[in-house]
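*Asks:* Residue numbers (numbering that gives the first Met the number 0): 0 to 288. I am attaching a structure below and will ask some questions about it afterwards.
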Amino acid sequence: MIKRFLSLAIIIAACCFPVFSAAQESERIMVNQLLGDGSHGKVWRQWQHQAPEREVASVTAMLQKRSGGKDTFVNLRFGVDGAAFENGKQVFLPNNKPSTVTWNVSQRPSGKPFVLNVYKGEAFLSTVIVRYAQSAAALPPPSKPHAPGVRIGNVPPPAPDGRFTGTSSNRPRNYPDSRDAAHACRTMRNIRPPRIELGRIRPAGGFLSGQYKVEGSMYGACIEEAGYFEFGRLKKQITFPYTEAYQRREFEIKAKSGQRGELRIYSTSGREDIIDLDRAMSHNPSPWP
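Okay, structure coming up:
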C-alpha cells in the first residue's frame, strides 16, 4: 500500500512540476553594491541590468538599508524615465534588517534595462532574482533593428552631451551588439577581476591648494562603472566599452584632498577595485617635485 502511494506521488510530481519549471525560468544576479540617491553626502548609484527580450513575470530584490529614516524607499522600472512597476509602487525600508522585495512585472523590456533606485537613504543590494514568464524556446528570435544614428562596431556613438548612453553609466543602450555583450557577461564564469594601477601623483595648483593630478590605468572586462568619486558621487567617468574582452584604459584626473576622493571600478560579476586617494597621497613620501 505504501509503495503504491509513493508511486502515485512520484507520477503526480512528474506530471506537475516540469510544467511549472518550463513555464517559468529564473535568473539569479549577484549584485553586492551599495545604492543611494546622492543626497547629503550619500552614495549615488542605481542598479541597472539589461534583461533579454522575454516577458518578465516578477523581480525579487534582497536589500538591507544602511542609512536613512523610515521614509527610505525603493522602486523598480524599465528605463531611467519609465514608470515604476505596479503603478508606481514604493517599498519602504523602515529598519536596517534584511528585506526581500518582489515586484510583479508581466511585460518585456523593449530594449530598456531594469533600473532600481533607492530614495532618501542608502541600501545594500545583494541579489536580484528575475523570473521569466515562459521558456526561451517558446519565443521567436528577437529582431535587431538598427537604431538611427547607431553604427556597427565595438564602440557606440556618444550622446550629444558627450556621454555614452548606456544601461549603466557605460553600457550602450539600443546598440545592436549590446544584447550579445550582456549575455556574454552574464554567462561567463571566470571574469578577471577589475584592477586599478596608480602612476604619477603630482601637484595641480599652489602648495596649499590641495589639488593634484593623478595618472594611472584601469583594467577590466564587463565593466558597469568606472571613474573618480568624491563623497561617493561620480565626478569624472572613465569610459569602458561594455564587452567581455579584458581591456586597459589610461586616465588622468584632477582631484582635491579632503574630499574623500576615490578611484572605483565595478564589473557585472560584482567584483570591484577601489583606491582611497587621500590614503594614497599619505603613503606617497614625496608627491611634490
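In this text, a Cβ means the ideal position worked out from N, Cα and C, and glycines have one as well. Please read these numbers as outputs of a predicted model, since none were measured by experiment.
What residue range is occupied by the uninterrupted alpha helix (DSSP H) comprising Glu243?
*Replies:* Element bounds for Glu243: n/a, residue is neither H nor E.
*Asks:* What is the C-beta distance between Trp46 and Leu115, in whole angstroms, given that I count them as a contact (C-beta under 8 Å)?
*Replies:* Yes, they are in contact, since the Cβ atoms of Trp46 and Leu115 sit about 4 Å apart, within 8 Å.
*Asks:* Less than 8 Å between C-beta atoms, sequence neighbours within five positions excluded: which residues of the same chain meet that for Ala203?
*Replies:* Counting only Cβ-Cβ distances below 8 Å, and skipping sequence neighbours, we find Gln210, Tyr211, Lys212 and Lys253.
*Asks:* Measure from the alpha carbon of Gly226 to the alpha carbon of each residue in Arg65, Asp272 and Leu124, then state which is nearest.
*Replies:* The residue with the shortest Cα to Cα distance from Gly226 is Asp272.
*Asks:* Quick check on Pro141: does DSSP put it in helix, strand or coil?
*Replies:* Because the pLDDT of Pro141 is 43, which lies under 50, any placement of that residue in the model is unreliable, and the number read from its coordinates should be weighed accordingly. Coil at Pro141, not helix or strand.
*Asks:* Work out the CA separation of Phe230 and Glu214 for me, nearest whole Å.
*Replies:* So the alpha carbons of these two residues sit roughly 20 Å apart.
*Asks:* Mapping DSSP to helix, strand and coil, what is Phe72?
*Replies:* Of the three classes helix, strand and coil, the one that applies to Phe72 here is strand, per DSSP.
*Asks:* Given a cut-off of 8 Å on the beta-carbon distance, is the pair Val104 and Val58 in contact?
*Replies:* Yes, Cβ-Cβ distance for Val104 and Val58 is below 8 Å.
*Asks:* Could you name the residues of the same chain whose beta carbon sits closer than 6 Å to that of Thr71, not counting the 5 residues immediately before and after it, in chain order?
*Replies:* Contacts found: Lys64, Leu92, Lys119 and Gly120.
*Asks:* Taking C-alpha atoms, which residue in Glu249, Ser66 and Trp102 lies nearest to Asn94?
*Replies:* The shortest Cα separation from Asn94 among Glu249, Ser66 and Trp102 belongs to Ser66.
*Asks:* Just verifying my parser: in three-state terms, what is the DSSP assignment at Asp272?
*Replies:* Reduced to three states, the DSSP call for Asp272 is strand.
*Asks:* Quick one: is Arg44 buried, meaning 16 or more other Cβ sit within 10 Å of its Cβ, or exposed?
*Replies:* Buried, by the Cβ-count rule.
*Asks:* Return the chain-ordered list of same chain residues with a C-beta closer than 6 Å to the C-beta of Met61, the five sequence neighbours on each side being excluded.
*Replies:* For Met61, where only same-chain residues beyond five positions count, the Cβ hits under 6 Å are Thr99, Ser125 and Thr126.
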